[in-house]
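Quick note: the working numbering has the sequence shown finishing at residue 317, numbered continuously throughout. Ideal placement from N, C-alpha and C gives every residue a C-beta, glycine not left out. None of the values given here were measured: they were computed from a predicted structure. Report on the following structure.
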Amino acid sequence: MATQNTPIQRAVEGLKWLALCAIVVWVVRKFPQKDWDLLVQQPKNWSLLLLALALVLLANIISFWRWQRLLLALQVPISLFETVRLGFLGVAFNTVSAGSVGGDLFKAIAAANRSKDRKTEVITSVLVDRAIGLLGLVMVAAISTSLALDLSPQLTTIRNAAWILSLIGLVGLFGIVGFGKSLPLNLVQRIPWVGDKLHRIAKACLIFQNRPQLALAMIAQSLAVHASLTASCWLISSALYSSSTTRPTLLEHFLAIPPALLAGTLPITPGGLGLQEVWIDLLFKQIPSVSSEFSGLIVATMYRAILLLIALIGGLVYLSSRTHVQPVDEPTQES
């Protein structure tokens, strides 16, 4: 039976909506006016832009699903809908927090409040999920830059660094899969005062031990997320540049977009605002075959506008959904 909200609850709800509107206005005002002017003047294929929006939305939902798999493996009962709802909260706050991963803090706090007896595991799951997501992004950058025959010195450096980071990440991940159980976690538990908490954090970080299928599934989901985001940028280019001789190819987008997305995760500006756009523009200029008539900054600005729209959708989903979503009855163990 539905309960009637008290005046205080309604006031808090109103403040949430006000905060969401403030976030949207703040981000829009941060866009340089000259970029908006160029964007308005550029002819557009709205069908392709709508498809790009759908692809970014799909990428976000896949990332939420990945997080749910991890939570269920940690014995945290949560439905996919509630995971999506909390995930969208993180997306909304990504627009104003440092880097494109800052919203994870708000998502972790909200999720922990809904699972009070498993707070440590929930918060750790957000960190582990983000690490797997970044590993997938680095792997996409490594693979895509290896497909090009001729790279600039800058892109060659990015390719080499991406492969080194990918190998380190994969060795660490599958080292946990194969040898995680041999680590002396009981020694951690003996540390006075904080031993039990540290032990729970360590166990959550080692969730992949003897679970190669879970590790592979989460890597595959991460690759799908970042491949979808890169493909969405290609659709944006196709929507803004009707001539195939002007816009970069899909492969050229895979050379520029993943490293730029990685730069956007640096905790310097809210949502990576500015950093990501600058890197997209710079990296396209490092590709000799890209036409000088093409503006990576225009594409990056339209991509940012789509991210803003996704954040708005996320905020609406979070605020309009009821908080008493039924959790999963029994969390399933991932093998």
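Integer-rounded CB distance, given that residue j should sit under 8 Å from residue i
{"i": "residue 239", "j": "residue 215", "result": "5 Å"}
{"i": "residue 74", "j": "residue 85", "result": "7 Å"}
{"i": "residue 258", "j": "residue 293", "result": "That belief does not hold up - the Cβ atoms of residue 258 and residue 293 are roughly 14 Å apart, past 8 Å."}
{"i": "residue 136", "j": "residue 268", "result": "5 Å"}
{"i": "residue 276", "j": "residue 229", "result": "6 Å"}
{"i": "residue 158", "j": "residue 191", "result": "6 Å"}
{"i": "residue 263", "j": "residue 279", "result": "4 Å"}
CB contact flag (residue i, residue j, <8 Å)
{"i": "residue 35", "j": "residue 288", "result": "yes"}
{"i": "residue 37", "j": "residue 210", "result": "yes"}
{"i": "residue 155", "j": "residue 221", "result": "no"}
{"i": "residue 122", "j": "residue 235", "result": "no"}
{"i": "residue 88", "j": "residue 296", "result": "no"}
{"i": "residue 44", "j": "residue 143", "result": "no"}
{"i": "residue 116", "j": "residue 247", "result": "yes"}
{"i": "residue 200", "j": "residue 48", "result": "yes"}
{"i": "residue 299", "j": "residue 67", "result": "yes"}
{"i": "residue -8", "j": "residue 58", "result": "no"}
{"i": "residue 233", "j": "residue 130", "result": "yes"}
{"i": "residue 105", "j": "residue 90", "result": "yes"}
{"i": "residue 107", "j": "residue 62", "result": "no"}
{"i": "residue 56", "j": "residue 127", "result": "no"}
{"i": "residue 65", "j": "residue 46", "result": "yes"}
{"i": "residue 270", "j": "residue 140", "result": "no"}
{"i": "residue 25", "j": "residue 224", "result": "yes"}
{"i": "residue 110", "j": "residue 187", "result": "yes"}
{"i": "residue 97", "j": "residue 124", "result": "no"}
Boundaries (first-last residue) of the alpha helix (DSSP H) holding residue i
{"i": "residue 267", "result": "257 to 267"}
{"i": "residue 281", "result": "278 to 302"}
{"i": "residue 142", "result": "135 to 161"}
{"i": "residue 324", "result": "The displayed coordinates of the chain run from -17 to 317. Any statement about residue 324 would go beyond what the structure contains."}
{"i": "residue 203", "result": "194 to 222"}
*Hey, which unbroken runs of the alpha helix (DSSP H) at 4 residues or more fall wholly within the segment 35 to 113?*
Those alpha helix (DSSP H) runs which fall completely within the segment 35 to 113 and span 4+ residues are 62 to 76, 85 to 95.
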